[in-house]
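One structure below.
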Amino acid sequence: MNLNLNRTLLTLALLTFAGGVSVILFSQRPWAPRYDVQQPIPFSHRIHAGVNKIPCQYCHEYARRSVTSGVPPVQRCVGCHGSQKTGGLLPVTRPWTDHTQSNFEIRWNRVYTLPDFVKFTHRPHINAGVACQTCHGPVETMDRVQPVHEINMGFCIDCHTKRGATQDCYICHH
Amino acid sequence: MSEGLSRRSFIKLAATAGAAAAVPGCEPAARHLIPYVVPDENVIPGMPTFYASVCTECPAGCGIVARVREGRAIKLEGNPADPISDGSICARGQAGLQELYNPDRLSRPQRRGQGGAFTAASWDEAIKNFNDRLAAAAKAGKDRVAFISGPLGPTQTKIARLWLAAYGSGRMVTYERLADHAARAASKTCFGRDDLPFYRIDKADALISFGADFLSTWGSPVEYHRQYAQFRTPRERRGQLSLARATYVGPAMTMTAAKCDEWIAVSPGDEAAIALSVLSVLLKQGWVSSKSGVDVDALRKLTADFEVATVAQRTGVPADAITRMAESFGQSESAVALAGTDDPVLHNAVAILNAVTGNVGKTVIFADGGPEPVSSPQEIEALVKAMAGSEIDVLVVAGGNPVYSMPAGQKFNEALAKVGFVVWMGTVPDETAAAAHLQLPTDHPLETWHDTHPRAGVRGLGQPVMQRVYDTKPLGDLLLASARAGGAKTEQAPWEGQADAVNATWQELGAKAGGKFDDFWEKARRDGGYFEEVRPAAVSLDSKVFGATAPAERPASPLTLVAAPHIFFYDGRGANKPWLQEIPEPLAQVVWDSWVQIHPNTARGLGVSPNGIVELTTAAGSIAASALFSEHIRPGVVAVPTGQGHTAYGRYANGKGANVLSVLPGWERAVAVKARPTGDVRKLVTVLYGDSQMERGIVQTISIDDLAKGIVPPSDEPKPPQPYEFYAPFEYPKHKWGMTVDANACTGCSACVAACYAENNLNVVGKDYVDRGRVMSWIRVERYFPPKDKADEAPLMQVAPMLCQQCDRAPCEPVCPVFASAHTNEGLNQQIYNRCVGTRYCNNNCPYKVRRFNWSLPEWDEPLHLQLNPDVAVRGAGVMEKCSFCIQRITHAEITALIEKRPVRDGEIQPACVQACPSKAMTFGDENDPQSAMMQRRVKNKVRRYLVLEEINVGPNVTYLRDIYQTKGKA
Amino acid sequence: MAAAVKDINLDPTFADIDRSVRAILNPPGIAYWLWIAFLVALTLLGAGLWTNQIYNGLQVTGLGDPVMWAVYITNFVFWVGIAHSGTLISAILYLFRTRWRTAVYRAAETMTIFAVATAGLFPVIHLGRPWFFYWLAPYPNERYLQPDFRSPLTWDFFAISTYLTISALFWFTGLVPDVANVREVATGWRKRMYTILALGWQGSDRQWRHFSMAYLLLAGLATPLVLSVHSVVSWDFAMAQLPGWHSTIFAPYFVAGAIFSGVALVLTLLIPMRWIMGIEDLITPWHLDNLAKVVLLTSLIISYSYAVESFVTWYSHDPIEQMTFHMRYFGPWGWMFWVMVACNCVIPLALFSPRIRTSPVPLFIVTIFVNIGMWFERFVIIAGSLATNFEPSQWRFWHPSFTEMGITVGAFAWFLLLFSLFARYMPVISMTELKEGIVWLKQALRQGYADAA
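Residue numbers (this note's numbering), protein chains in the order written: chain A, 12 to 185; chain Z, 17 to 987; chain L, 116 to 568.
Quick look at the structure:
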């Protein structure tokens with residue numbers, strides 16, 4: 012058979028393959044947890060949860076009661092950092108020493124986001140004794156939180172199957 | 017209390033949550049987390065908080081509970097602790113939220129500049145301007161300041177009075193266009209009381225309503241729905257199961273009439289004669305109870321020329337019909353007659369009827385310590401005359417929208433033009449606001465402290481459930497500040513603002529109630545008010561009334577116009593709420609429009625065609641609307657619903673239909689009219705194809721006799737084929753959710769529909785799309801009328817809610833190629849929006865046609881989106897959706913039970929529709945638990961239970977109970 | 116049949132055949148390009164409307180509850196139906212060694228491919244979220260989700276894709292020797308194209324042996340598909356319990372209808388084509404006659420189906436089913452039903468006359484009517500039944516929208532565009548088999564099997 016033909020067919024095949032690969036590579040996945048998140052203040056989970064062994068739910072107090080685990084209120088930080096003894100951190104304590112807290116806020120950046128059509132609830136998971144680390148990884152060893160697992164449906168299903176939890180779609184999707 | 021969130025964090029959370037809730041599908045979510053500075057122990061982010069309050073959408077004053085998430089009120093529910101609402105709430109109440117978040121709401125003060133255009137003003141300027149004009153008016157002399165408002169509740173009334181006094185005036189008018197003025201007059205003449213009675217329909221065995229549409233707008237609809245459902249529950253009477261007889265006398269078949277045994281069509285104004293002839297029958301039969309101590313001879317004289325025969329002949333009402341209702345009324349232990357028209361004679365006659373049969377005190381209850389009544393027409397006319405005479409320099413209008421609803425004969429606009437300075441205070445600017453010089457935005461009742469006093473023994477307390485949406489102030493604060501500026505002494509106005517004043521009012525109440533005030537206050541806030549049993553006041557009929565009860569001769573007119581209060585719009589205030597526009601009016605099933613209900617014969621006479629525009633001309637002017645042909649109105653009468661035809665009431669209300677109130681010369685709602693077809697045609701958009709259910713047994717019925725005998729009507733009993741399972745049947749290890757719907761209790765009021773819109777983020781699509789079959793309601797009211805030849809073996813109307821039946825062998829499931837429609841272990845057909853690709857096959861295969869498709873991307877005019885329920889995903893374009901039995905509530909309850917290590921309690925889960933239903937027609941529960949109220953309701957009503965389209969054997973989990981009708985020819 | 120023999124044109128030598136077919140491939144004239152431009156414009160219109168529909172959602176259509184399927188699905192079924200005749204003629208008639216197919220089968224099969232290509236668009240066009248259409252395909256994914264194999268739509272997905280694959284292979288295989296043939300005379304880019312498509316065909320003995328074996332096998336594979344594909348499509352409806360859809364006769368009924376409309380469209384295309392391309396001597400009245408007979412037969416079959424369907428409904432004593440059919444005959448859309456009856460049952464009866472069967476123009480007109488009728492049949496069944504469903508309160512009739520109509524027109528244009536291009540750049544008549552046929556006949560005649568044809 013003549014080469015001309017083979018060359019053409021080969022090119023076509025390569026193009027198709029490249030196309031497929033690029034689609035997979037460059038397709039957007041807006042809900043994947045983000046690895047590049049920088050927080051406004053250099054807060055270290057390692058020091059708090061790891062070194063000082065502060066239990067997760069001391070700060071994320073809503074986890075066992077609510078949908079969201081909750082971000083600790085500034086008051087909680089000041090609980091410890093307020094007094095000079097623990098070396099009060101300026102950015103946190105300032106609002107308490109002077110009264111300009113009206114324009115004070117911490118804008119934490121989200122690491123984990125879920126789409127509106129996934130109604131995940133912390134409540135049942137914490138009460139069923141699922142460790143925070145199961146999904147969030149060993150946060151107590153991280154200075155800057157980085158996702159360990161990609162939180163996708165397969166990840167949930169695996170665990171639900173293992174633990175014999177419900178598999179009704181409606182539980183999360185409504 | 018609501019100081020849960022600082023204003024700052026509310027805005028942010030609202031923004032965040034709002035963004036998260038409002039984006040369908042794959043759009044970037046909120047990327048930031050903003051913690052509280054100081055957390056509120058009462059608020060758990062992500063969990064709802066509930067605040068008790070009172071509904072102010074109509075004078076009934078139902079107690080409500082506001083569900084609040086992240087500082088936003090997202091749902092109003094009935095308050096179970098409240099004696100009036102008893103945990104239910106009507107469609108209008110549900111839509112209160114759309115007043116709160118209305119995009120057309122006034123967000124800052126506005127002043128009329130040169131050329132009449134309004135310009136924004138700061139609060140300071142506005143208030144200064146206001147006070148200056150007031151001061152000037154006060155200087156000019158006494159009574160040159162006036163105040164018009166709707167019923168305000170004790171505290172705000174108190175404040176308003178005080179404010180007026182500060183400017184040397186006493187001109188205060190409480191304006192309620194559709195209030196029962198005639199009834200109040202009647203109770204004065206008959207019983208010498210200046211208040212309205214309230215009724216215990218549930219205590220009666222027979223009912224006659226002379227034009228009182230209590231299942232729609234008359235009196236306290238939610239309460240009367242509940243009572244009527246009990247009234248219509250078959251009971252053992254004289255040793256046999258019987259159905260309390262209800263008769264409706266009126267020109268058109270209203271919602272109430274449709275649920276009665278008999279609707280007697282009379283020309284407007286003839287009701288009084290009928291009532292008197294009923295009285296004459298009672299006398300003749302000797303049923304007038306002697307113990308009522310009434311002067312029987314005087315009564316005889318009064319009813320002398322109202323013998324059944326003569327009246328029948330004069331009014332064209334069949335004599336036997338009159339005798340039938342008279343007998344049912346006289347023979348029963350206790351009965352109740354209601355009067356709803358504005359004919360004083362009728363009200364007297366009805367009062368006599370109730371009194372002489374000894375029902376006053378039993379079903380008609382006067383009690384002392386009632387609320388202060390709204391102003392009478394005379395008082396209102398006096399003020400208008402004063403305005404016209406330029407005796408008023410400053411007029412404050414805080415509700416009622418007189419420009420829109422005042423009788424044309426009053427020439428209110430002209431009078432208003434003569435007023436030097438008109439100030440409007442309210443939430444959504446209306447026609448009156450457009451005519452004002454100064455517009456001051458006030459708080460919505462859900463944003464402020466307020467209280468109500470709907471009737472003796474019931475005091476409602478409203479508390480702020482969330483931060484203000486806009487920069488508004490409570491009405492009370494405005495008036496108090498202004499009063500002080502006007503030099504009111506501190507001892508007169510010792511309160512900071514409205515909140516303080518409310519507290520003061522309740523201090524007094526607490527003192528009366530005794531006990532520590534803090535506990536009283538705590539309880540009042542929890543229960544949403546303070547409720548006490550009231551003993552009926554002893555009243556006796558004043559015989560002088562017999563003299564005052566002679567029907568006046570009316571000039572006979574070939575055609576009469578009746579302004580029928582619209583169940584959703586009432587006096588027009590509801591028209592700016594998209595839900596109320598989009599939910600079809602239960603009887604006409606028409607949306608986004610008003611219509612001329614006309615009998616085909618009348619229409620033929622006038623040369624009117626269906627949907628043809630009819631021009632109605634009265635002494636006061638003319639309106640035009642499309643003709644709605646209907647057998648359910650007396651020939652020679654045309655009825656037009658109130659509430660539409662707004663010109664300046666926001667984007668949802670403007671330019672829809674016609675304002676019938678504007679062509680009523682006086683306070684009467686029935687006037688002589690000329691009608692002519694304009695030749696144009698504008699289609700009335702309805703969601704129904706026809707009135708007939710083609711004998712498919714969607715809403716099934718049974719006669720009381722058959723029920724007593726336990727006979728199942730054979731025609732209604734399709735024999736299901738042997739259940740044949742192609743696929744292995746599902747198993748329901750834990751729960752199997754189901755519902756029981758009682759068609760006998762359902763009146764079609766559509767509260768369930770409104771509740772569903774609110775709970776499940778249903779999108780409003782507008783008139784055109786409703787016409788194309790794109791309405792999004794997950795639950796609809798199916799309204800059918802029996803075919804003429806079957807009329808004797810059926811109720812006047814057959815109505816029941818239709819929602820997803822959650823079939824065991826659901827046709828929608830196997831046809832979905834991607835498992836977007838699947839079965840849960842708890843017997844639900846789950847519809848997974850984010851998996852749906854939109855083949856729409858499931859809807860094609862759904863025999864009940866309860867699935868809804870998102871033809872377009874749903875949009876909410878801001879800030880309406882703040883009402884969205886964060887627990888329910890907002891669906892994007894191209895996906896199918898349907899009733900989920902409020903799965904978000906089910907999972908919430910199940911998770912709670914799981915955590916508390918207990919089974920889910922029966923009744924713990926209530927879908928929004930079930931919760932809202934004022935007549936408690938729906939029950940939700942677990943089919944695996946035979947003791948559940950839902951299952952018990954099925955068991956107790958074996959004979960009445962049926963499944964819709966049972967013969968196709970899809971195994972629905974919604975069981976209906978047949979509507980019961982009176983076997984004809986029996987009292 | 117002896118009569119048939121002399122109808123076949125025995126004169127052309129192989130050279131004649133090559134000449135006339137190659138002549139088609141000469142660079143076309145201005146008229147052709149105008150025609151192409153016209154089609155491209157319409158196709159672009161359709162494409163634009165679809166883009167707009169994807170952007171704005173299905174609100175741009177006239178659809179609504181309860182008529183959620185209308186024009187798009189009608190088009191889908193219509194085009195799938197069209198697709199059938201091709202394979203019927205090329206595969207089944209090949210196995211039966213029917214001689215008259217040789218001249219027309221290439222055109223018919225080409226039509227099949229392009230019809231399937233058109234039909235395949237519509238399920239995607241009608242989706243609420245077309246960008247997720249691939250969820251109908253089973254593929255490993257992080258959600259652990261697979262399509263539901265109980266759903267007729269999933270069956271469709273496989274039926275259509277299989278059908279497209281097989282018939283495309285079959286079609287292409289048949290093309291190879293002819294492409295090689297024209298390769299020899301072509302020049303410039305055409306030569307390069309033909310060279311690639313000819314897959315290095317040399318016409319060697321070995322290649323011929325493999326070729327005929329492969330062709331036979333593919334014919335065998337394609338044959339069952341002719342019946343299966345449209346049965347599966349019909350189950351989209353028969354499997355639902357909607358009155359008017361839920362019927363066991365749908366499979367044979369739809370297959371018959373498919374062949375009916377398919378063959379009709381073959382004629383609709385061939386008659387102008389043979390005239391424009393001046394190949395009347397290759398596609399003779401004899402061919403038209405045979406095709407027309409197929410149309411007549413299938414017309415009778417579907418007339419019978421209509422009768423049976425109505426009879427069963429009456430006989431069933433199911434009031435709901437009966438009401439649906441009552442509305443189908445006399446409802447707001449009754450006229451569509453009567454149009455369909457006129458076009459599918461009455462007008463084709465004209466084909467009993469041999470004169471009409473063999474005279475191109477009347478035949479052409481009849482087939483146009485058949486196409487119209489079959490389109491309406493699908494619409495009446497699909498949309499009509501939906502409009503009159505179980506819930507009396509939820510009846511509603513559909514209003515056409517510009518988008519739906521535009522996309523429909525665009526689809527026709529797209530189909531004709533593909534076909535026109537093919538007809539000018541590919542051998543639209545199978546020279547190989549034409550020659551075979553003539554060889555065979557000449558032998559047959561020489562040996563005196565006059566009736567062998």
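Glycine is no exception: its CB is placed at the ideal position from the N, C-alpha and C atoms.
If you draw a straight line from the C-alpha of Z/M441 to the C-alpha of Z/K806, how long is it?
54 Å
Spell out whether any CB of chain A is found under 8 Å from the CB atom of L/Y220.
Interface criterion not met: the Cβ of L/Y220 is under 8 Å from no Cβ in chain A.
If the cut-off is 8 Å on Cβ atoms, which residues from the stretch 49–62 of chain Z count as contacting chain A, listed in chain order?
Of all residues in the stretch 49–62 of chain Z, only L49, I50, P51, Y52, V53, V54, P55, I60, P61 and G62 place a beta-carbon less than 8 Å from a beta-carbon of chain A.
Residues of the stretch 510–524 of chain L in Cβ contact with chain Z at a cutoff of 8 Å, in chain order, please.
W510, R511 and H514
Report yes or no: do the stretch 403–423 of chain L and the stretch 503–512 of chain L share at least 3 C-beta pairs separated by less than 8 Å?
no
Got a sec: is the Cβ-Cβ distance from A/N163 to anything in chain L below 8 Å?
yes
Does any residue of chain L have a CB that is nearer than 8 Å to the CB of Z/S708?
yes
Work out the CA separation of Z/T939 and Z/C820 for me, nearest whole Å.
15 Å
Quick one: is Z/D358 buried, meaning 16 or more other Cβ sit within 10 Å of its Cβ, or exposed?
Buried, since its Cβ has 16 or more Cβ neighbours within 10 Å.
For Z/R918 and Z/I906, I'd like the C-alpha separation in whole angstroms.
15 Å
I'd like to know whether the C-beta atoms of Z/P602 and Z/V791 end up nearer to each other than 8 Å.
No, the pair does not count as a contact, with Cβ atoms beyond the cut-off.
Taking the alpha-carbon positions, what's the Z/A82 to Z/E598 distance?
23 Å
Hey, is Z/Y857's beta-carbon within less than 8 Å of any beta-carbon in chain L?
yes
Is Z/P626 helix, strand or coil by DSSP?
coil
Are the beta-carbon atoms belonging to Z/V324 and Z/S344 less than 8 Å from one another?
no
Please check the pair Z/N145 and Z/R121, which I expect to be a contact at CB under 8 Å, by giving their CB distance rounded to whole angstroms.
The Cβ separation is near 21 Å, so there is no contact.
From the beta carbon of L/M442, is the nearest beta carbon of chain Z less than 8 Å away?
no
So with Cβ pairs under 8 Å, would you call Z/N364 a contact of chain A?
Chain A contact via Cβ: absent.
Separation of L/P238 from Z/P61, as counted between CA atoms:
44 Å
Unbroken alpha helix (DSSP H) run spanning L/F326, endpoints:
In the DSSP assignment, L/F326 falls within the unbroken alpha helix (DSSP H) covering D320 to A353.
Classification of Z/K593 by the beta-carbon crowding that lies within 10 angstroms, buried from 16 upward
buried
Verify the CB distance criterion: does Z/W522 have a CB-CB separation below 8 Å to chain L?
Chain L, which has no Cβ nearer than 8 Å to the Cβ of Z/W522, makes this no.
Residue ranges of each beta strand (DSSP E) run of no fewer than 3 residues wholly in the stretch 534–576 of chain Z, ordered along the chain?
545–547
Near-chain A residues of the stretch 888–920 of chain Z (beta-carbon distance less than 7 Å), N- to C-terminal order
V888, A889, V890, S900, I903, Q904, T907, I911, L914 and I915
Check whether the stretch 461–471 of chain Z touches the stretch 72–87 of chain Z, taking contact to mean three or more Cβ pairs, one atom from each stretch, closer than 8 Å.
Touching, yes.
Applying a beta-carbon distance threshold of less than 7 Å, which residues of chain Z neighbour L/W184?
R856 and N860
Below 8 Å, can you find three or more Cβ-Cβ pairs linking the stretch 407–419 of chain L to the stretch 328–337 of chain L?
no
Of all the CB atoms in chain Z, is at least one closer than 8 Å to the CB of A/R174?
Not closer than 8 Å to any Cβ of chain Z, the Cβ of A/R174 fails to qualify, so no.
Tell me which residues share the same chain as A/V156 and place their Cβ nearer than 7 Å to its Cβ, disregarding the 5 neighbours each side in the sequence.
H56, V122 and V150
A/F128 at chain Z interface by Cβ criterion, 8 Å:
Taking a beta-carbon distance threshold of 8 Å, A/F128 counts as an interface residue toward chain Z.
Alpha carbon of L/P447 to alpha carbon of L/T439, nearest angstrom
Roughly 12 Å separates the two Cα atoms.
Looking at the secondary structure, which residues open and close the beta strand (DSSP E) in which Z/P470 lies?
Secondary structure note for Z/P470: its beta strand (DSSP E) is the uninterrupted segment H466 to R471.
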